[in-house]
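Participant: Sharing a structure here in structure tokens format.
There are 2 protein chains.
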Amino acid sequence: MVRQASAQRRTLLQAAIAVFARKGLKGATIRDIGREAGANSALIYYYFEDKEALFTEAIRFVMQEFFERLAAGRRAFRGAEDRLAYLVDSLFGYFAEFPERVQLMAHALLAESAQLAVAASSFLRTGSATPLLVLQEGISRRELRAMHPLHAWLSIVGLCVFSLMTRDIGARLRPEADPTFPALGLADRRREILALLVNGLASRGGKKVRGRRSAKK
Amino acid sequence: MVRQASAQRRTLLQAAIAVFARKGLKGATIRDIGREAGANSALIYYYFEDKEALFTEAIRFVMQEFFERLAAGRRAFRGAEDRLAYLVDSLFGYFAEFPERVQLMAHALLAESAQLAVAASSFLRTGSATPLLVLQEGISRRELRAMHPLHAWLSIVGLCVFSLMTRDIGARLRPEADPTFPALGLADRRREILALLVNGLASRGGKKVRGRRSAKK
DNA sequence: CGGGTTATTAATCATATGATCAAATCATTT
DNA sequence: AAATGATTTGATCATATGATTAATAACCCG
Numbered sequence: 081m082v083r084q085a086s087a088q089r090r091t092l093l094q095a096a097i098a099v100f101a102r103k104g105l106k107g108a109t110i111r112d113i114g115r116e117a118g119a120n121s122a123l124i125y126y127y128f129e130d131k132e133a134l135f136t137e138a139i140r141f142v143m144q145e146f147f148e149r150l151a152a153g154r155r156a157f158r159g160a161e162d163r164l165a166y167l168v169d170s171l172f173g174y175f176a177e178f179p180e181r182v183q184l185m186a187h188a189l190l191a192e193s194a195q196l197a198v199a200a201s202s203f204l205r206t207g208s209a210t211p212l213l214v215l216q217e218g219i220s221r222r223e224l225r226a227m228h229p230l231h232a233w234l235s236i237v238g239l240c241v242f243s244l245m246t247r248d249i250g251a252r253l254r255p256e257a258d259p260t261f262p263a264l265g266l267a268d269r270r271r272e273i274l275a276l277l278v279n280g281l282a283s284r285g286g287k288k289v290r291g292r293r294s295a296k297k
Numbered sequence: 081m082v083r084q085a086s087a088q089r090r091t092l093l094q095a096a097i098a099v100f101a102r103k104g105l106k107g108a109t110i111r112d113i114g115r116e117a118g119a120n121s122a123l124i125y126y127y128f129e130d131k132e133a134l135f136t137e138a139i140r141f142v143m144q145e146f147f148e149r150l151a152a153g154r155r156a157f158r159g160a161e162d163r164l165a166y167l168v169d170s171l172f173g174y175f176a177e178f179p180e181r182v183q184l185m186a187h188a189l190l191a192e193s194a195q196l197a198v199a200a201s202s203f204l205r206t207g208s209a210t211p212l213l214v215l216q217e218g219i220s221r222r223e224l225r226a227m228h229p230l231h232a233w234l235s236i237v238g239l240c241v242f243s244l245m246t247r248d249i250g251a252r253l254r255p256e257a258d259p260t261f262p263a264l265g266l267a268d269r270r271r272e273i274l275a276l277l278v279n280g281l282a283s284r285g286g287k288k289v290r291g292r293r294s295a296k297k
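Same order as they appear, the protein sequences are chains A and B. At position 54 of the first sequence the residue is numbered 134 (the working numbering), and the sequence of numbers has no breaks. At position 106 of the second sequence the residue is numbered 186 (the working numbering), and the sequence of numbers has no breaks.
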């Protein structure tokens, strides 16, 4: 029957986000999600069509929530670095608050790209995809190199998501294989990614370093 | 009994790589893999411990093969851009030849990081992780900014893998949502990623543009 | 050829899973 | 309180799955 808005429905959706994030669409089971929600798993079929539809709604929810936050925090930008910092910080801030949701998006991206594309295109159509607008603005103002904003955005997301997802890989490698590997916190990673986005990996040494180099600290 | 090297064993491993790449560890079934290999699925248990061990061997195989190619193609570098181009081109070239293997690594990176860490650390220990050596060399020579080479490598992998994995998402979005979205080929993506790695996203306009800007074309 | 080892298969097991449904509970209105 | 409709649950079904096993086929060496 697929009921709309209700507290129970929201609870189930949040449980689904958590479990899908941990195990992926295939790895998560209906019973897992029911248990996480503290409800009978059969209830899921009262509120949602099936497991796939629940997954689709989960990624749509996360995407919408993220775009809303981004739009809410939008401001005037002082230049390229400020503009890029806004995007990177939004990603890092969102995922610092809801770490499991990055993982959900990563699963969607990798294994269920069809569903992700469906969800994403609805945001593109309604013009509510803030990151693309912000990047487009930066390109128009010649702050950023000329390129399609979607490519720029995917590069930023790729860097951040990869950095966030590989934190535990680094942690696992560190002790045995490479004692020199530094245990960087989120703030350090944010700084490195921002430096990469603004200036690239190449050293600007020899010739004079640009003033825009360091954000803070 | 877990037999070592044999033609059949290799066939099964290749089939596993293909199926795991398509469906992930959880999504792939033993029967899928058997069918792909044209063999009885029970045979898998003759050559491999279980499904997880097969997955681990699959990512180890791909990682080793990729590192070997990288080591074979290693050369003297003329500077930061040349050095970064070598790494990006190695990734893109490997993907062009074996797209499914890159997808397998993406699955391992984002969804099965525990197994990836096990496989990766053995390469780190033996010092055969060429990309880290190449990056370390570039940093020592002040071509590249000072940072831990593993972070630099993960950034490069993140950019490339994300770009490669989102190609079909872009293709799905393009027609309906955004008619301006350009259908970039691999060569264009390579160029954009390299430009980002060398110079960042920020425009060098106003102040004079660096000579190292454009790779070719 | 023949005996013994290795490789491969069909059949099967136990369990997990997505989904359904009828019954039970709860809420709301009369 | 009775009646009606919405919500929740335990039981159940059919199927898919990872894994095992016993039997068969292929291979090899004398």
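All residues carry an ideal CB built from backbone N, CA and C; glycine is no exception. No experiment lies behind these values; they were computed from the predicted model shown.
Which word fits E132/B, buried or exposed, when buried means at least 16 other C-beta atoms lie within 10 angstroms of its C-beta?
Facilitator: So E132/B ends up on the exposed side.
Participant: Closer than 9 Å by beta-carbon distance: list the chain A residues that pair up with G79/B, in chain order.
Facilitator: Residue 79/B is absent from the structure shown; chain B starts at 81 and stops at 297.
Participant: Measure from the C-beta of V241/A to each C-beta in chain B and report whether the shortest distance is under 9 Å.
Facilitator: At least one chain B Cβ lies under 9 Å of V241/A.
Participant: Name the two residues that bound the continuous alpha helix (DSSP H) containing F100/B.
Facilitator: Run containing F100/B: A87 to G107, per the alpha helix (DSSP H) assignment.
Participant: Note down, one range per segment and in chain order, each alpha helix (DSSP H) of at least 4 residues found wholly within the stretch 104 to 151 of chain B.
Facilitator: Runs of the alpha helix (DSSP H) inside the stretch 104 to 151 of chain B: 110 to 117 and 124 to 127.
Participant: Report yes or no: do three or more beta-carbon pairs, one from the stretch 161 to 179 of chain B and one from the stretch 104 to 119 of chain B, lie closer than 8 Å?
Facilitator: No, because fewer than three Cβ pairs between the stretch 161 to 179 of chain B and the stretch 104 to 119 of chain B fall closer than 8 Å, the two stretches do not touch.
Participant: Could you check what DSSP says for A282/B in three-state terms: helix, strand or coil?
Facilitator: In the structure shown, A282/B sits in a strand (DSSP, three-state: E or B).
Participant: Taking a Cβ distance cut-off of 7 Å, strictly less, list which residues of the stretch 206 to 232 of chain A are near chain B, in chain order.
Facilitator: So the list reads R222, E223, L224, R225, M227, H228, L230, H231 and A232, given in the order they occur along the chain.
Participant: Using beta-carbon positions only, say whether L105/B and F135/B come within less than 9 Å of one another.
Facilitator: Cβ atoms of L105/B and F135/B: closer than 9 Å.
Participant: For a contact defined as C-beta to C-beta under 9 Å, what are the partners of G153/B on chain A?
Facilitator: Neighbours of G153/B on chain A: none; closest Cβ ~20 Å, over 9 Å.
Participant: With a CB to CB cut of under 6 Å and the five nearest residues on each side skipped, what residues in its chain are close to A95/B?
Facilitator: I113, E116 and A117, listed in sequence order.
Participant: What does DSSP give as the partner residues of L224/A in its beta bridges?
Facilitator: L224/A is bridged to A282/B.
Participant: Residues in the same chain with beta-carbon distance under 7 Å from L212/B, minus the five sequence neighbours each way, listed in chain order, please.
Facilitator: Excluding residues within five positions, the ones whose Cβ falls inside 7 Å are P229, L230 and W233.
Participant: Just the Cα atoms here: how many angstroms apart are L274/A and E161/A?
Facilitator: The alpha-carbon atoms of L274/A and E161/A are separated by roughly 8 Å.
Participant: Which residue comes first and which comes last in the alpha helix (DSSP H) that contains Q195/B?
Facilitator: Segment S193 to T206, the alpha helix (DSSP H) holding Q195/B.
Participant: Just tell me which of Q216/B, N279/B, I124/B and R102/B has its CA closest to the CA of T91/B.
Facilitator: The option with the nearest alpha carbon to T91/B is I124/B.
Participant: Measuring only the C-alpha atoms, how far is L224/B from S283/A?
Facilitator: Going from the Cα of L224/B to the Cα of S283/A covers about 4 Å.
Participant: Strictly under 9 Å for the Cβ-Cβ distance: is D248/B near chain A by that measure?
Facilitator: Closer than 9 Å: yes.
Participant: Pick from L150/A, A151/A and I139/A: whose alpha carbon is nearest that of A194/A?
Facilitator: The shortest C-alpha separation from A194/A is found at I139/A.
Participant: In angstroms, rounded to a whole number, what distance separates the CA positions of F100/B and L184/B?
Facilitator: Between F100/B and L184/B, the C-alpha separation is close to 6 Å.
Participant: Using a Cβ cut-off of 7 Å, pull out every chain B residue sitting near R149/A, in sequence order please.
Facilitator: Correct list: empty, because the minimum Cβ distance to chain B is about 21 Å.
Participant: Just to make sure I have the definition right: I need the residues of chain A whose C-beta is within less than 7 Å of the C-beta of E272/B. Which are they?
Facilitator: Per Cβ cutoff of 7 Å: M227 and H231.
Participant: Can the beta-carbon of G250/B be found closer than 9 Å to that of L264/B?
Facilitator: Result yes, Cβ atoms of G250/B and L264/B sit closer than 9 Å.
Participant: Pull up the distance between the alpha-carbon of E129/A and that of A122/A, whole angstroms please.
Facilitator: Their Cα atoms are separated by approximately 12 Å.
Participant: Determine, using beta carbons only, whether L244/B and V182/B come nearer to each other than 9 Å.
Facilitator: Against a cut-off of 9 Å, the Cβ pair of V182/B and L244/B comes out as a contact.
Participant: Of the choices L190/B, A197/B, S208/B and L171/B, whose alpha-carbon is the least far from that of R269/B?
Facilitator: With distances taken between Cα atoms, R269/B lies closest to L171/B.
Participant: Would DSSP call L171/B helix, strand or coil?
Facilitator: L171/B falls in the helix class under three-state DSSP.
Participant: Out of V214/A, A85/A, V237/A and I97/A, which has the shortest C-alpha to C-alpha gap to R158/A?
Facilitator: Checking every option, the nearest Cα to that of R158/A belongs to V214/A.
Participant: Determine the chain B residues that contact V142/A at a beta-carbon separation under 8 Å, and present them in chain order.
Facilitator: Within chain B, no residue comes near V142/A; the closest Cβ sits about 15 Å away, beyond 8 Å.
Participant: Hey, does R115/A have any beta-carbon neighbour from chain B nearer than 9 Å?
Facilitator: Answer no: the Cβ-Cβ gap between R115/A and chain B never drops below 9 Å.
Participant: State the Cα-Cα distance for the pair A186/B and R221/B, rounded to the nearest angstrom.
Facilitator: Going from the Cα of A186/B to the Cα of R221/B covers about 31 Å.
Participant: Rounded to the nearest angstrom, what separates V278/B and L150/B at their Cα positions?
Facilitator: Going from the Cα of V278/B to the Cα of L150/B covers about 20 Å.
Participant: Buried or exposed for S201/A, going by 16 or more other Cβ atoms inside 10 Å?
Facilitator: With 16 or more Cβ atoms within 10 Å of its Cβ, S201/A is classed as buried.
Participant: Rounded to whole angstroms, what's the CA-CA distance from E137/A to E145/A? Just pull it up for me.
Facilitator: If I take the Cα positions, the gap works out to 12 Å.
Participant: Could you check the C-alpha separation between R252/B and T206/B for me, to the nearest Å?
Facilitator: Their backbone Cα atoms lie some 42 Å apart in a straight line.
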